[in-house]
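Student: With the working numbering applied, the sequence shown corresponds to residues 9 to 322, in that order.
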Amino acid sequence: MTTGVPAWLWIVCVVGAAAVQTARNAMQRSLTERVGTVGATHVRFLFGLPFGLLFLAATASFVDLSAMTLSWSFAAWVLAGATCQILGTALMLAAMRERSFVVTIAYIKTEPVQIALFGLVFLGEGLSLPALVAIVVATCGVLLMSMPTGAARLAASSKAAGTKAAVSQNAALIGIASGAMFALSAVGFRGAILELGDGPFYARATMTLAVGLAMQTAMLTLWLAWRDRRALFAIFRLWRPSLLAGAAGALASQLWFLAFSLQTAAAVRTLGLVEILFAQAVSHRLFAQGTTRREGVGMALMVAGVLALLLSAR
9 MTTGVPAWLW IVCVVGAAAV QTARNAMQRS LTERVGTVGA THVRFLFGLP
59 FGLLFLAATA SFVDLSAMTL SWSFAAWVLA GATCQILGTA LMLAAMRERS
109 FVVTIAYIKT EPVQIALFGL VFLGEGLSLP ALVAIVVATC GVLLMSMPTG
159 AARLAASSKA AGTKAAVSQN AALIGIASGA MFALSAVGFR GAILELGDGP
209 FYARATMTLA VGLAMQTAML TLWLAWRDRR ALFAIFRLWR PSLLAGAAGA
259 LASQLWFLAF SLQTAAAVRT LGLVEILFAQ AVSHRLFAQG TTRREGVGMA
309 LMVAGVLALL LSAR
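1. Measuring only the C-alpha atoms, how far is A160 from E303?
2. Taking C-beta to C-beta, are V46 and A239 nearer than 8 Å?
3. For F206 and A27, what's the separation of their Cα atoms in angstroms?
4. For I19, which residues of its own chain have a beta-carbon under 7 Å away from its beta-carbon, when the five flanking residues on both sides are left out?
5. Measuring alpha carbon to alpha carbon, tell me which residue in P14, A15, F59 is nearest Q262.
6. Assuming L266 contacts C21 (C-beta within less than 8 Å), just tell me the rounded distance between them.
7. Looking at A194 and F268, is the spacing between their C-beta atoms short of 8 Å?
8. Report all residues from its chain with a CB closer than 7 Å to the CB of S165; omit the five preceding and five following residues, and keep chain order.
9. Near L162, which residues of its chain fall below 6 Å by C-beta distance, leaving aside the five closest residues on each side in sequence?
10. By the DSSP assignment, the alpha helix (DSSP H) with L261 in it spans what residues?
11. Spatial neighbours of L95 within its chain, please: CB distance less than 6 Å, with the 5 preceding and 5 following residues excluded, ordered by chain position.
12. Do the region 206-225 and the region 119-127 meet, that is, are 3 or more Cβ pairs less than 8 Å apart?
13. For V276, which of helix, strand or coil comes out of DSSP?
14. Check C21 in the structure and name its three-state DSSP category.
15. Going along the chain, which unbroken runs of the beta strand (DSSP E) with 3 or more residues stay wholly within the region 42-127?
16. Give me the residue from L221, P249, R235 with the minimum Cα distance to A31.
17. Look at the alpha carbon of S69 and the alpha carbon of A255, and state the distance between them as a whole number of angstroms.
18. Does the Cβ of V276 have 16 or more other Cβ atoms within 10 Å, making it buried, or fewer, making it exposed?
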């Protein structure tokens, strides 16, 4: 299916996707306060759909898309991936209002551990022992980042500190739940890509993206029209920043899907941990949020885990 494709291409796609996704997350975060969590979630799909269709039209200009069979099984995989991605995005945006941007992303990035299990159960994609060890190392980094600082522990007896700890724990739980949804989403979309057969990898990835965005746009538009029409109207009033966030979201998804068509979901998402480094830069420059020494050590462990996994996959 991928004969003649450079073995390193999926790595380039993942790093590019992580960088663009970090920018999109920052854009969505700024929109959350103005259109709400669901409204900001809808932005990436509603305004990303035109770009997804543009990618598909560009692909159709030099590839015969009719060779791919759009089966009910394909539709089921896409629907599962699309629904879980909506839930994951909504939980992610909710968690971002609880604690530091970079630490929230770290909680969400427990995803590789979860995707290793989901990938085995639903796709039969197992991992070697070295790969599992690498994922454990990365997970230890996540746990280290989630631990309270010494000052917070000393102040834990006070009511204020107790409240802060509860909020922090809430952010962790929401972030981990978001990671689970993104893990299931990745499995769903990779399953859909594989379901399309032996066509060019970029054609299968682009078709899956376009269908997924169409489903997500329909679902959230109907939901907002029913439950929060003000948010829906607000999205259109803020079409300029929404369009930019949608474009970034579509590009990030396109790169993720290209990687999914070339490599297992677990490997793709584990390398995607590099997003934490990008998120640190964004939180420092845009949101004036610092990173503690403990969080820095945790991120170093994550990077070590990512590198170890890449070496084990060679």
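Backbone N, C-alpha and C define an ideal beta-carbon position, used for all residues, glycine too.
Tutor: By the coordinates alone:
1. No answer about A160 holds up, because its pLDDT of 44 lies below 50 and its placement is not dependable.
2. Going by C-beta atoms, V46 is nearer than 8 Å to A239.
3. The sequence shown places Asp at residue 206, not Phe. Going from the Cα of D206 to the Cα of A27 covers about 29 Å.
4. L279, listed in sequence order.
5. Ranking the options by Cα distance to Q262, first place goes to F59.
6. Rounded to whole angstroms, the Cβ separation of L266 and C21 is 5 Å, and the two are in contact under 8 Å.
7. A contact, by the Cβ cut-off of 8 Å.
8. Below a pLDDT of 50, predicted positions are generally treated as unreliable, and S165, at 45, falls in that range; the measurement from the model is reported next regardless. Exclusion of the five residues before and after S165 leaves no residue of its chain whose Cβ lies closer than 7 Å to its Cβ.
9. Note that L162 scores a pLDDT of 40, beneath 50, so its modelled location is shaky; the value from the coordinates is reported in the next line. Listed in chain order, the non-local C-beta contacts of L162 below 6 Å within the same chain number zero, local neighbours out to five positions each way being set aside.
10. Residue identity differs from the one stated: residue 261 is Ser in this sequence, not Leu. Under the DSSP assignment, S261 falls in the alpha helix (DSSP H) whose first and last residues are 247-268.
11. Excluding sequence neighbours, L95 sits near M189.
12. The region 206-225 is not in contact with the region 119-127.
13. DSSP places V276 within a helical segment (H, G or I) once states are collapsed to three.
14. In the structure shown, C21 sits in a helix (DSSP, three-state: H, G or I).
15. If we require 3 residues or more, the region 42-127 turns out to have no beta strand (DSSP E) run fully inside it.
16. In this structure, P249 is the residue among L221, P249, R235 with its C-alpha nearest to the C-alpha of A31.
17. If you draw a straight line from the Cα of S69 to the Cα of A255, it is about 21 Å long.
18. Buried is the call here.
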